[in-house]
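Student: Protein chains in written order, with our numbering: chain W, 68 to 218; chain H, 68 to 218.
Glycine included, every Cβ here is placed at the ideal spot set by N, Cα and C.
One structure follows; several queries about it will come next.
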DNA sequence: TCGTTTTCGGAATATTATAACCCCTGGGGA
DNA sequence: TCCCCAGGGGTTATAATATTCCGAAAACGA
Ligand SMILES: [Zn+2]
Ligand SMILES: [Zn+2]
Ligand SMILES: [Zn+2]
Ligand SMILES: [Zn+2]
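This is the structure we're talking about:
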């Protein structure tokens, strides 16, 4: 994420917090910034290390900020990686799918209507009321596949 | 899982191991049995506690057996719960979806063709080669929903 | 039988996440 | 003004999950 995109993301978060009547504190802002600056999913303890470069910090500091950012939908947690990634469209709540490249570590967030639909059908057929869908596919991205066939 | 089903599952695992030329050791058998006996997903350290009732054991003992059982497809790992569950049809490799009730803890394993199809389409559109899909939906099962509306 | 590979025991350690306690600050009344 | 309260956050400790490493034992192949 380049500097401009980052600043835009932080402004968006700030505005959303104002709208929602919640506080976008310096701490929360800093953690969101670190997550967005990382080109890949970042773990809670990596965030902690970077926070510690500027001030004292302990795990609860990070996890409290993460809880907030997750609640507000500004970041997503990747369960298979125990890591966090900035959301690409935090304006509205949504269920997304993640394609995780185990080769380069990059992740693509998608909102596919077909998947959401089949999932709904599956849930309906089973009388299941979904709260939080987790769809993460681990594999190799187009870029890395191409790189392999070349070499 | 009742006693008969359990014995059947263990026999199936044993046969598959013979076919595949891998060893279904006492350790591995014991761990599979504990997972199958649990009516719900069971954590590695719960398995460890139960193993310790009969003999000495340490975390690597459990994790080694789990690695084997996962490789062979006899059990699945639920990433959102950090827990393990017996596979309902270990004969063939497959990608399944899990409906996880956060109320009663029960999990339903499904193999839905529509979801698998939309996921394939999504992957193809992105030039992504999948290795391991993780699809887990946390929510409330039909039974628990019903129980709530009654009370 | 011998040498190789796989499995296993066990200690230590790494990694991820939460609990509990206290203090501070800012805002809304009495 | 003072009191009180709720949210945010600092700090220590601990829980929960998972892996690394070393070496011995067992199984396997020839
Ligand atoms: Zn998103
Ligand atoms: Zn890649
Ligand atoms: Zn299965
Ligand atoms: Zn239920």
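1) Assess, as a yes-or-no matter, whether the segment 186-198 of chain W is touched by the segment 155-170 of chain H under the definition of 3 or more beta carbon pairs within less than 8 Å.
2) Tell me the rounded alpha-carbon separation between residue 152 of chain W and residue 70 of chain H.
3) Quick one: what's got a C-beta closer than 6 Å to residue 135 of chain H's C-beta in the same chain, skipping five residues either side?
4) Tell me where the beta strand (DSSP E) around residue 201 of chain H begins and ends.
5) Within 7 Å: the Cβ of residue 84 of chain H and any heavy atom of ligand 4?
6) Going straight from the alpha carbon of residue 206 of chain W to that of residue 191 of chain H, what length do you get?
7) Across the segment 88-104 of chain W and the segment 125-142 of chain W, are there enough close Cβ pairs to call them in contact, namely three or more that are closer than 8 Å?
8) In chain order, what residues of the same chain have a beta carbon less than 6 Å from the beta carbon of residue 103 of chain H, not counting five sequence neighbours either side?
9) What residue range does the beta strand (DSSP E) around residue 139 of chain H cover?
10) Could you list which residues in chain W have their beta carbon closer than 8 Å to that of residue 182 of chain H, in chain order?
11) Note down, in chain order, every chain W residue with its Cβ under 9 Å from the Cβ of residue 216 of chain H.
12) Buried or exposed for residue 132 of chain H, please, with buried defined as at least 16 other CB atoms from any protein chain shown within 10 angstroms of its CB.
13) Are the CB atoms of residue 189 of chain H and residue 182 of chain W nearer to each other than 8 Å?
14) Within 10 angstroms of the Cβ of residue 116 of chain W, are there 16 or more other Cβ atoms? Answer buried if so, exposed if not.
15) To the nearest angstrom, how far is it from the Cα of residue 214 of chain W to the Cα of residue 155 of chain H?
16) Can you tell me the Cβ-Cβ gap for residue 145 of chain W and residue 108 of chain W, rounded? I've got them flagged as a contact below 8 Å.
17) Using a Cβ-Cβ cut-off of less than 7 Å, list which residues of the segment 136-160 of chain H approach chain W; keep chain order.
18) Between residue 111 of chain H and residue 129 of chain H, which are expected to be in contact by the criterion C-beta below 8 Å, what is the C-beta distance as a whole number of angstroms?
19) Over the uninterrupted alpha helix (DSSP H) stretch that includes residue 183 of chain H, give me the two end residues.
20) Let me know the alpha helix (DSSP H) ranges lying completely inside the segment 98-150 of chain W, each 4 residues or longer, listed in chain order.
21) Can you tell me whether residue 176 of chain W is helix, strand or coil according to DSSP?
22) Just to confirm the assignment, what range does the alpha helix (DSSP H) spanning residue 154 of chain H have?
Tutor: Judging by the given coordinates:
1) yes
2) 45 Å
3) 95
4) 196-207
5) no
6) 12 Å
7) yes
8) 68, 73, 76, 153
9) That residue, residue 139 of chain H, is in no beta strand (DSSP E); it is neither H nor E in DSSP.
10) 182, 185, 186, 189
11) Going along chain W, no residue has its Cβ under 9 Å from residue 216 of chain H, so there is no contact; the nearest lies around 11 Å.
12) buried
13) yes
14) exposed
15) 38 Å
16) 5 Å
17) 146, 147
18) 5 Å
19) 180-192
20) 111-121, 126-138
21) strand
22) Taken as a continuous stretch (DSSP letters only), residue 154 of chain H belongs to no alpha helix (DSSP H), as it is neither H nor E.
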